[in-house]
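Note that the working numbering has the sequence shown beginning at 1, numbered continuously upward. Virtual Cβ for every residue (Gly too), placed ideally from N, Cα, C. None of these values were measured; they are calculated from a predicted model. Below: the structure, in structure tokens.
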Amino acid sequence: MSKIAFCFPGQGSLEEGMGREIAEAVPEAMEVYRVGSEASGLDLARLCFESPIDELVQTEVQQPALVATSLAVLAALRVRGIAPDYVVGHSVGEFAAIAAANSLDTGEAIGLVRERGLAMAEAARESDGTMAAILGLDDAVVEELCAQIEGVWPANYNCPGQIVVSGEEDAVDELIGKANALGARRTVKLKVSGAFHSPLVAKAAEILRPAVERVRFHDPVAPFMSTVTAKIEPAQRLAALLVDQLTAPVRFTQAATELVRSGANTFVEVGPGRVLSGLIKRIAPDAEIVPADDPATHDRLLDLAAVTA
């Protein structure tokens with residue numbers, strides 16, 4: 001029997017006006033922004049619906065805004081009776097995925113994400129680091145380059161032939177030079193404020209840890225696929241994983257591959273943009289991929305859910 005995986009995007013998927021169309025059409029989606037604003041101390045509806053990208057792009061604002069929008073889209077899906085067989089999130093998207101599995105409520109998830117964003121921004125200010133995307137080389141080749149160069153690590157396994165590395169500025173520059181010499185199709189330094197998903201932001205993990213450990217995680221109603229371990233993980237592991245993910249690489253390629261092996265052949269991108277849809281197309285070319293931020297696609301999902309039931 002085929003199964004549906006809900007996928008929740010991470011930083012970089014934000015858009016001006018994100019979530020407005022669904023929130024104006026579905027009261028339950030608008031309620032997510034109200035609850036999230038109360039939990040985060042931010043006016044998330046204003047930020048998502050009206051703010052320019054320059055204001056949204058700040059880490060401490062972008063993360064709660066993005067997760068709120070993902071959970072607003074999720075609320076609209078729930079109204080239609082559309083539910084996942086699995087949930088997975090890319091980086092900060094894991095908080096939305098865990099909320100989608102009912103292990104956290106909406107307010108708890110967005111409140112934690114606000115604290116995560118603040119912790120990451122503080123750690124980034126105190127460390128000299130950057131990130132770069134390496135396209136067109138095998139994962140093993142990039143891993144070997146990271147092993148050869150002190151101060152740089154694999155950060156995001158996005159899809160076959162696309163890895164993001166993270167580390168000290170000089171080390172990342174050295175890796176870019178070597179990757180180009182080995183025939184990388186493209187190398188791109190990212191516009192980020194720090195070396196996220198690397199040991200250089202360990203301070204963020206320590207700042208976030210007490211807040212995460214105060215939360216009680218409930219058993220997931222849909223299996224949660226971790227992008228830290230690329231395994232289905234239970235409630236008692238979630239707090240540690242949400243802390244570990246700040247310094248560990250995002251293993252999205254491996255997690256999506258495991259979902260396909262577990263029977264998932266429909267992947268629904270629950271949030272703004274089409275970033276994950278593009279990655280999954282590279283990871284699982286035969287999968288059905290549905291972006292859910294457009295209410296017009298929800299009828300199609302109802303049909304797919306009926307087929308997989």
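Excluding sequence positions up to five away, which residues of its chain have a Cβ less than 6 Å from the Cβ of residue i?
{"i": "E60", "result": "G117, L118 and A121"}
{"i": "T227", "result": "V250, R251, F252 and A255"}
{"i": "D293", "result": "V73 and P272"}
{"i": "A29", "result": "I22, A23, A72, A75 and A76"}
Helix, strand or coil for residue i, going by three-state DSSP, please let me know.
{"i": "E269", "result": "strand"}
{"i": "P249", "result": "coil"}
{"i": "R216", "result": "coil"}
{"i": "T187", "result": "strand"}
{"i": "L180", "result": "For the sequence presented, residue 180 should be read as Asn rather than Leu. Looking at N180 - three-state DSSP - the assignment turns out to be helix."}
{"i": "T130", "result": "strand"}
{"i": "I53", "result": "helix"}
{"i": "Q63", "result": "helix"}
{"i": "K231", "result": "coil"}
{"i": "G10", "result": "coil"}
{"i": "P27", "result": "helix"}
{"i": "V92", "result": "coil"}
{"i": "M18", "result": "coil"}
{"i": "G263", "result": "coil"}
{"i": "L74", "result": "helix"}
{"i": "Q162", "result": "strand"}
{"i": "I289", "result": "strand"}
{"i": "P154", "result": "strand"}
{"i": "N35", "result": "This sequence places Val at residue 35; Asn is not what is there. Here V35 sits in helix by DSSP."}
Taking a contact to mean a Cβ-Cβ separation below 8 Å, would you say residue i touches residue j in this structure?
{"i": "C159", "j": "V152", "result": "no"}
{"i": "E174", "j": "I149", "result": "yes"}
{"i": "A101", "j": "F8", "result": "no"}
{"i": "V164", "j": "A132", "result": "yes"}
{"i": "T106", "j": "G36", "result": "yes"}
{"i": "I22", "j": "A76", "result": "yes"}
{"i": "A256", "j": "I289", "result": "no"}
{"i": "A83", "j": "Y33", "result": "no"}
{"i": "S127", "j": "V201", "result": "yes"}
{"i": "E55", "j": "L47", "result": "yes"}
{"i": "S277", "j": "E269", "result": "yes"}
{"i": "S2", "j": "T229", "result": "no"}
{"i": "L242", "j": "E233", "result": "no"}
{"i": "P220", "j": "A235", "result": "yes"}
{"i": "E108", "j": "V212", "result": "no"}
Since residue i and residue j should fall inside the 8 Å C-beta cutoff, what is the C-beta to C-beta distance between them, to a whole number of angstroms?
{"i": "T130", "j": "K203", "result": "At roughly 17 Å, the Cβ-Cβ gap does not stay under 8 Å, so T130 and K203 are not in contact."}
{"i": "P199", "j": "T247", "result": "6 Å"}
{"i": "A25", "j": "P295", "result": "6 Å"}
{"i": "V250", "j": "H298", "result": "With 8 Å as the limit, V250 and H298 do not qualify as a contact, their Cβ atoms being about 28 Å apart."}
{"i": "S70", "j": "G194", "result": "Wrong, their Cβ atoms sit about 23 Å apart, outside the cutoff."}
{"i": "P52", "j": "R114", "result": "Actually they are not in contact, since the Cβ atoms of P52 and R114 sit about 20 Å apart, beyond 8 Å."}
What residues in its chain sit with their C-beta under 7 Å from that of residue i, if we drop five residues either side in the sequence?
{"i": "V275", "result": "P9, G12 and S13"}
{"i": "K281", "result": "I289"}
{"i": "I134", "result": "V142, I163, V165, A179, A184 and T187"}
{"i": "L259", "result": "A5, Y86, V88 and M225"}
{"i": "L238", "result": "I98, S103 and F217"}
{"i": "G17", "result": "F49"}
Within its chain, find whatever has a CB closer than 8 Å to the CB of residue i; leave out the 5 residues flanking it on each side and keep chain order.
{"i": "N180", "result": "T187"}
{"i": "G183", "result": "G136 and L137"}
Under the rule that 16 or more other beta-carbon atoms within 10 Å means buried, what is residue i, buried or exposed?
{"i": "G167", "result": "buried"}
{"i": "L93", "result": "Per the sequence shown, the amino acid found at residue 93 is Gly instead of Leu. Its Cβ being crowded by 16 or more others within 10 Å, G93 is buried."}
{"i": "G19", "result": "buried"}
{"i": "P285", "result": "exposed"}
{"i": "A79", "result": "Reading off the sequence, residue 79 comes out as Val, not Ala. When all chains shown are included, V79 counts as exposed."}
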